[in-house]
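Protein chains in written order, with our numbering: chain C, -11 to 438; chain E, 6 to 385.
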């Protein structure tokens, strides 16, 4: 037993004394609690320090690990460029630009990393570590809307700005929007609006759709938005089935599709889930089938090149949307591809692009505000209009902190010229077509000061 | 079996309390002294101490305790949503409800022992997880997790004040549950939990539980009905898990289904075994090690390693970084796994056995342990 009479020669009295002294000493920090709020004394105020810390919280394990790894590469590149190292990347093309390439407000940028494990609990624990221990003034990243929403509300509680990485759920800037959370990435509603006309042109108005949906906030809202679009075209929805995230084997969900009478499969999956479900759907011969006198089609509303790499030739000809693609010809995109490519030897994914841009946007807003005080930085970001970051002219809408910009409709390339040339751009849908009223999703941003 | 005197228990209690309350000071050099991690140490400490009452005393290996953790969390968040942001009702309901669930699950699973019991508990936990994940989405909000909203009812709070701007935060009669005050509240609860566990260990009830572990058949022959004792132990440890779950929600008002997954159940088994099954302090040590690895080790990246090896010549530093980087960062599971294997092979009694060995080596010169003491030790 652990509580045997101790034989080290300590009397009970000695131990009591020592214990008393210890607990008195230990209670001290309780009286000097940190984190009080004032104009000059906000959480993790860098004050006179020579450097600031940013936190990059990305999935390093789990179904979205590939995206996480690419996000981290982009973050590191952004830090380099902010500190004036490397070729400057998008700092050469961004307009308007207040950054000077000497860090942010003259302070060198450092970073810490964490693993979200694509789990809300783990992501929040990791974010809390960054905020409480490492003292970050902004954190970013993530590749799941569930995680983004969870850490975004943490950001609001803690009073530290969160620049969301890859999150596509309507809720992130809809019913769960927060004053301290910002999203550059597009969302499911915009995917639906962009995809609608293309679907109508390519597949007509008489189709029966079957949805397989990742069972969490992103899947739900994407299913809802795509359903709204397709039913608007006159399509029928045969059935919607929810599948667990990270299921690995989707065959039990795919077999029932064969005899359901549906002629279109809509895969509301992402990351490794999408690679697995699509590969299995193709192996089950869905694409060779003829139903209702039409060729069976598969649609993947949210695409990424990393997924395309995983799914290989199965993706050929499949339609979807994406936030950004390295094949874009505008100056911003090309500058980013060049700079990322020379650093890592391959082109960046859309996850990398959005995370890189978010970091620069935050830094730029601090520079514009002339302070790191979050309410001032937030006010700079709200309604900020910029250009030259890929995607053309973009605006951070003040009402819901959602960026509005052009959306790409893409198709799996039939004749790829390289292992990265996997998506062919069908249409650059102009921003006006994907815009919607900020009020439709409800939700509230909350206060500037927390 | 020699029961320690009340005085000895008091000394252990005092030292334990002192060590827990001074954690913010002595964890500072280890880089682990920040509120969130400190709170996790205390919360998982409660979880493991409670788990040890079942596993340590009766030897019944439950693989489903995370279910009670999850039930505690969901109950607490619902209490925050419907009643008040004060944690007191939340914790009371968490403990009661998880106790109730433990009674139901325990009643069924305790009909079997050994591996069958483990499998049954695992099955129940997995069922709860799947219910929370998909079927009960209206109650649990599925994989997104249950969260607070500004326009929740909060009946009790509304009696006294209007809803403020933004999300309210949890408190205990004015003491905030985030930051250091949150840690001290959790720590005090851990100390109380530890005290109760100590009393159970040294009570006749505890002795009966140990008797069940050493030979249940013989105990039945002497005329004891073992089932009520087992069920009581199961419910108590379920309530501990519920308290831990409630506290998790209190420090961070969000409840997700992954808290109920089998990996979470496995974690508490690992913690208990790593520290020392059936010892009072052991589970706490296991919690410390696992949570430290999960939060600190996992955050080390190559940049940090380069800094750590900065004192070495460049080429050596590069070699060392290459050698060690697979074991830190996302490789922390690997390190933990290796450590676990080593401990189970060389110290089956966990870290506590190691500490006892060291203690014995130092005290050998003074007095050889009596044969009876030796026997009790091997008996564990």
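Idealized CB from N, CA, C, for every residue including glycine.
Reduced DSSP secondary structure (H/G/I, E/B, other) of residue i
i, result
"residue 416 of chain C", "strand"
"residue 19 of chain C", "With a pLDDT of only 41 at residue 19 of chain C, under the threshold of 50, the placement of this residue in the model should not be trusted, and no figure is reported."
"residue 379 of chain E", "Because the pLDDT at residue 379 of chain E is just 43, under 50, the model does not fix this residue reliably, and the point stays unresolved."
"residue 14 of chain E", "helix"
"residue 262 of chain C", "helix"
"residue 69 of chain C", "helix"
"residue 206 of chain E", "helix"
"residue 269 of chain E", "helix"
"residue 225 of chain C", "strand"
"residue 299 of chain E", "helix"
"residue 432 of chain C", "coil"
"residue 233 of chain C", "coil"
"residue 169 of chain C", "strand"
"residue 502 of chain C", "There is simply no residue 502 of chain C to check, as chain C begins at -11 and stops at 438 in what is shown."
"residue 282 of chain C", "strand"
"residue 374 of chain E", "Low local confidence applies: a pLDDT of 48 at residue 374 of chain E is under 50, so the model's placement there is unreliable, with the coordinate-based value given in what follows. Coil, per DSSP."
"residue 180 of chain E", "strand"
"residue 311 of chain E", "helix"
8 Å contact criterion, which residue i and residue j should meet: CB distance rounded
i, j, result
"residue 247 of chain E", "residue 99 of chain E", "5 Å"
"residue 69 of chain E", "residue 270 of chain E", "5 Å"
"residue 365 of chain C", "residue 357 of chain C", "5 Å"
"residue 302 of chain E", "residue 333 of chain E", "6 Å"
"residue 309 of chain C", "residue 291 of chain C", "6 Å"
Nearest neighbour of residue i, chosen from the options [CA to CA]
i, options, result
"residue 239 of chain C", "C:204, C:270 and C:317", "C:270"
"residue 300 of chain C", "C:224, C:221 and C:408", "C:408"
"residue 338 of chain E", "E:215, E:275, E:350 and E:175", "E:275"
"residue 42 of chain C", "C:68, C:87, C:93 and C:124", "C:124"
"residue 55 of chain E", "E:186, E:237 and E:263", "E:237"
"residue 192 of chain E", "E:361, E:132, E:117 and E:43", "E:43"
"residue 428 of chain C", "C:66, C:74, C:388 and C:137", "C:388"
"residue 174 of chain E", "E:234, E:220 and E:86", "E:86"
"residue 25 of chain E", "E:95, E:130 and E:197", "E:197"
"residue 395 of chain C", "C:402, C:384, C:378 and C:385", "C:378"
"residue 108 of chain C", "E:325, E:13 and E:261", "E:261"
"residue 51 of chain C", "C:260, C:121 and C:188", "C:260"
"residue 185 of chain E", "E:38, E:12, E:31 and E:195", "E:38"
"residue 328 of chain C", "C:77, C:339 and C:291", "C:77"
"residue 284 of chain E", "E:308, E:27 and E:61", "E:61"
"residue 376 of chain C", "C:318, C:390, C:121 and C:133", "C:318"
"residue 438 of chain C", "C:341, C:199, C:283 and C:362", "C:362"
"residue 284 of chain C", "C:229, C:230, C:402 and C:198", "C:198"
"residue 352 of chain C", "C:94, C:47, C:30 and C:417", "C:94"
Straight-line gap, residue i to residue j (C-alpha atoms, nearest Å)
i, j, result
"residue 295 of chain C", "residue 188 of chain E", "42 Å"
"residue 355 of chain E", "residue 364 of chain E", "15 Å"
"residue 77 of chain E", "residue 373 of chain C", "46 Å"
"residue 169 of chain E", "residue 158 of chain E", "13 Å"
"residue 100 of chain C", "residue 112 of chain E", "48 Å"
"residue 121 of chain E", "residue 65 of chain E", "10 Å"
"residue 360 of chain C", "residue 354 of chain C", "6 Å"
"residue 245 of chain E", "residue 92 of chain C", "48 Å"
"residue 202 of chain E", "residue 58 of chain E", "7 Å"
"residue 369 of chain E", "residue 204 of chain E", "30 Å"
"residue 158 of chain C", "residue 246 of chain C", "30 Å"
"residue 213 of chain C", "residue 190 of chain C", "19 Å"
"residue 209 of chain E", "residue 234 of chain E", "11 Å"
"residue 74 of chain C", "residue 323 of chain C", "12 Å"
Neighbour-count burial assignment, residue i, 16 or more Cβ in a 10 Å radius
i, result
"residue 183 of chain E", "buried"
"residue 278 of chain C", "exposed"
"residue 312 of chain E", "exposed"
"residue 154 of chain E", "exposed"
"residue 16 of chain E", "buried"
"residue 175 of chain C", "buried"
"residue 220 of chain C", "exposed"
"residue 107 of chain E", "buried"
"residue 171 of chain C", "buried"
"residue 347 of chain E", "exposed"
"residue 112 of chain C", "buried"
"residue 11 of chain E", "exposed"
Closer than 7 Å at the beta carbon, the chain A residues around residue i
i, result
"residue 147 of chain C", "Included in the structure are the protein chains C and E, with no chain A among them."
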